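Peer 1: All residue numbers for the sequence shown refer to our numbering, where the first residue is 7 and numbers rise by one.
Cβ coordinates follow ideal geometry from the N, Cα and C atoms, glycine included.
Note that this is a predicted model, so its numbers are computed, not measured.
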Amino acid sequence: MTAASVNTMKAYRDRTGAKVPEALRDLRKRQAVESGKIFQALKAGPRTAPELAKETGLPSERVVWYVMTFVKDKTVRVAEKTEDGFFRYALGPKGGGSA
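1) With a threshold of 8 Å on Cβ separation, who are the neighbours of A85 within its own chain once the five nearest residues in sequence on each side are excluded?
2) Which same chain residues, not among the five before or five after E61, have their C-beta less than 6 Å away from its C-beta?
3) Taking the straight line between their C-alpha atoms, what separation do you get for V69 and G63?
4) Since A55 contacts S66 with CB under 8 Å, what's their CB separation in whole angstroms?
5) Taking the beta carbon of V39 as the centre, do at least 16 other beta carbons fall within 10 Å, making it buried, or is it exposed?
6) I44 and Y18 look like a contact to me (Cβ under 8 Å); what is the Cβ gap, rounded to whole Å?
7) By Cβ distance below 6 Å, which residues in the same chain neighbour K80 in space, the five residues on each side in sequence not counted?
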């Protein structure tokens, strides 16, 4: 999100009195923390989804959801395929690390 769009959204909320639902605010905070854990683990080097789940303490299905999202937006890339059939993921061309 750009600074201009954040300011536009803030101006709209200020003008209309619109409030962000607490559940949505909590979800976004949780996602920022969880994606940050994944990026931090990937900064140490390529990891498989099971390795990321173990390191971050997140459920494997949630790790896969995040990783697939990050691959789609190019913050994470497929680095290699392991002998076990898993893929190792590494930080991609967009750098990753900002949630």
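Peer 2: Let's see:
1) P52, F93, R94, Y95 and A96
2) A47
3) 10 Å
4) 6 Å
5) exposed
6) Contact flag wrong, Cβ pair sits at about 32 Å.
7) G98, P99 and K100
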